[in-house]
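Sequence lines, in order, name chains A and B.
First residue of the first sequence: 536, per this note's numbering; consecutive thereafter.
First residue of the second sequence: 5, per this note's numbering; consecutive thereafter.
Virtual Cβ for every residue (Gly too), placed ideally from N, Cα, C.
Treat the numbers as computed from the prediction; the structure is a model and nothing was measured.
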Amino acid sequence: MEKGGIRLDPVTIDTTKIKTIKRRPVTAIDKLEDTGMISTILAAREREGLILFSTIDQVFNWARLSSLWPVTSGLACCAIEMMATAMAHHDIARFGMEIFRASPRQADLMFVAGTVTKRMAPRVKKLYEMMAEPKWVIAVGACASTGGPYHESYSVLKGVDNIIPVDVYVPGCPPRPEAFLYAVIQLREKIKNEGYGAKWGLNK
Amino acid sequence: MNAAEELKNALPNSVVSISFQLDKPLAIIKKEDILKAATIARDMGFVHLSVITGIDYCDRYEVVYNFLSYVRKQNLVLKVILDHNNPVVDSLTSIWKGADWLERETYDLVGIKFSGHPDLKRILLPEGWAGHPLQKDYDMKTEQFVTIGDDGEDIVSTDGSNLLRRKYHGN
């Protein structure tokens, strides 16, 4: 792209010159700046060009992370904590996730909440494969992460990442609802940095 | 006189010995007389069969029956000792319908066969699983995986290649 005598090659953009905003967000405008969108637009204006891909990525990422819909599935006692997270006291609706879908076709996120037994493993995998892209997985608790206390067992899979890819692992047996929410926040950070814009250093 | 002593008085030839398991009266019964002893115990008021379980002691198997009497507010434990090579004992399903699944579980995990059981098959593990996991000589080195067949049935195999997405980090 040639414009105004400056050659804009996305691969060779010097990312060190892009300023990041470090102050704590106070107002709604600050929060919008915190997502990195405004700084990207300003950076594009300074260069007299339009960096289309990264902006679209950021809009997509923002839309995706703002309303993750989890699939209603629980395997063991961690699922009780998942229900507690969804209830009024901890209120996962603050993160736009209050709609636990009963169908994996409509869900973006799967909490693998509990012990994955050998007999349940193909069902969990099928559930994951039925979900539409893009999709994310949070392995909740020691059992889903590594097998946990059942690591030496004949009947328990040693970590659900043996059968499906996992984005965030939550330790605990079972984790408190606060740990669920922290995992969700970590996943949102991860989604925020997905796409080509992040790879070029343009997202924040 | 506790329940085990009453049982010994009623069936002196069937009860091998009596003692206590924790604070519960325990009676060890000859394995061919378990049906008779359980009938007597039920008539004594122990109408609730709460648990059947089995233990592998390497040289023998023991099957433990835990009874509860709502009227007497007492427990009673019956035990039979089985041969390690051929663990077979009579089923209690003719007296308690609920013994059906308890005996299936004992068969599934410990490998004890119950003669006279209407439908003795695995209850927790899928059909085709090799070995009974609570036996002391169960092979823990071999990982077994389950996949779903075309008709929804469970298929057990040691090859998990169509289930796993990487090399399995087992034992």
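Interface residues of chain A facing residue i [CB-CB closer than 8 angstroms]
| i | result |
| --- | --- |
| Y172/B | K693 and N697 |
| R126/B | The contacting residues do not exist; R126/B stays about 11 angstroms from chain A at best. |
| M144/B | E687 and Y689 |
| D158/B | R654 |
Buried or exposed (CB count within 10 angstroms, at least 16 for buried), residue i
| i | result |
| --- | --- |
| C678/A | buried |
| P684/A | exposed |
| A637/A | exposed |
| A667/A | exposed |
| K739/A | For K739/A, the predicted structure reports a pLDDT of 47, less than 50, and the residue's modelled location is therefore unreliable. The matter cannot be settled from this model. |
| E157/B | exposed |
| H88/B | exposed |
| I33/B | buried |
| A598/A | exposed |
| M536/A | Because M536/A sits at a pLDDT of 44, beneath the cut-off of 50, its placement in the model cannot be relied upon, and the following sentence gives the value as read from the coordinates. It counts as exposed. |
| K538/A | Interpretation of K538/A is limited by its pLDDT of 49, a score under 50 that renders its predicted location unreliable; no figure is taken from the coordinates. |
| H136/B | buried |
| C708/A | exposed |
| Y61/B | exposed |
| T146/B | exposed |
| I116/B | buried |
| E131/B | exposed |
| N13/B | exposed |
| L600/A | buried |
| F24/B | exposed |
| S21/B | exposed |
| N175/B | Below a pLDDT of 50, predicted positions are generally treated as unreliable, and N175/B, at 47, falls in that range; no measurement from the model is reported. |
| D592/A | buried |
| V594/A | exposed |
| P16/B | exposed |
Within chain B, the residues that residue i reaches when beta carbons sit closer than 8 angstroms
| i | result |
| --- | --- |
| A674/A | Within 8 angstroms Cβ-Cβ: nothing; A674/A doesn't reach chain B, min ~14 angstroms. |
| K660/A | L167 |
Proximal residues of chain A, C-beta to C-beta of residue i below 9 angstroms
| i | result |
| --- | --- |
| V150/B | T652, K653, R654, M655, A656 and P657 |
| P137/B | S688, Y689 and S690 |
Chain-ordered neighbours of residue i on chain A, where CB pairs are closer than 7 angstroms
| i | result |
| --- | --- |
| P91/B | Within 7 angstroms Cβ-Cβ: nothing; P91/B doesn't reach chain A, min ~20 angstroms. |
| L168/B | N697 and I698 |
| D3/B | Residue numbering for chain B in the displayed model covers 5 to 175; residue 3/B lies beyond these limits and cannot be assessed. |
| P130/B | R654 |
Residue j beta carbon less than 9 angstroms from that of residue i
| i | j | result |
| --- | --- | --- |
| L96/B | L30/B | no |
| Y663/A | I699/A | yes |
| L86/B | A41/B | no |
| I627/A | V691/A | no |
| I56/B | E107/B | yes |
| I726/A | V705/A | no |
| F715/A | V659/A | no |
| A642/A | K670/A | yes |
| V703/A | V651/A | no |
| P639/A | M655/A | no |
| L740/A | V606/A | Absent from the structure is residue 740/A, since the part of chain A shown begins at 536 and ends at 739. |
| V92/B | F118/B | yes |
| A134/B | D141/B | no |
| L168/B | N697/A | yes |
| E713/A | H625/A | yes |
| H52/B | Y74/B | yes |
Contact set between residue i and chain B, taken where Cβ atoms lie within less than 7 angstroms
| i | result |
| --- | --- |
| Y704/A | Residues of chain B passing the Cβ test: none, with the nearest at roughly 15 angstroms. |
Check: residue i C-beta below 8 angstroms from any heavy atom of the ligand MG
| i | result |
| --- | --- |
| I698/A | By its list of ligands, the structure shown contains no ligand whatsoever, and the ligand MG lies outside what it can speak to. |
Interface flag, residue i vs chain C, CB-CB below 9 angstroms
| i | result |
| --- | --- |
| K28/B | Chain labels in this structure do not include chain C; the protein chains are A and B. |
Going along the chain, which unbroken runs of the alpha helix (DSSP H) with 4 or more residues stay wholly within the region 633 to 706 of chain A? 656 to 665 and 676 to 681
In the region 105 to 165 of chain B, which residue ranges form an unbroken beta strand (DSSP E) of at least 3 residues, counting only runs that do not cross its ends? As far as the region 105 to 165 of chain B is concerned, its whole beta strand (DSSP E) runs of at least 3 residues are 117 to 119, 149 to 152 and 158 to 161.
Please identify, using Cβ separations under 7 angstroms, the residues of the region 714 to 726 of chain A that lie next to chain B, in order along the chain. none
Which ranges does the alpha helix (DSSP H) cover as unbroken runs of at least 4 residues, wholly within the region 594 to 630 of chain A, from first to last along the chain? Counting whole runs of 4 or more residues, the region 594 to 630 of chain A contains the alpha helix (DSSP H) stretches 613 to 621.
Which runs of the beta strand (DSSP E) spanning at least 3 residues fall entirely within the region 54 to 78 of chain B, listed in chain order? 64 to 73
Scan the region 711 to 735 of chain A and note each continuous alpha helix (DSSP H) run of 4 residues or more that stays entirely inside, going in chain order. 712 to 727 and 731 to 734
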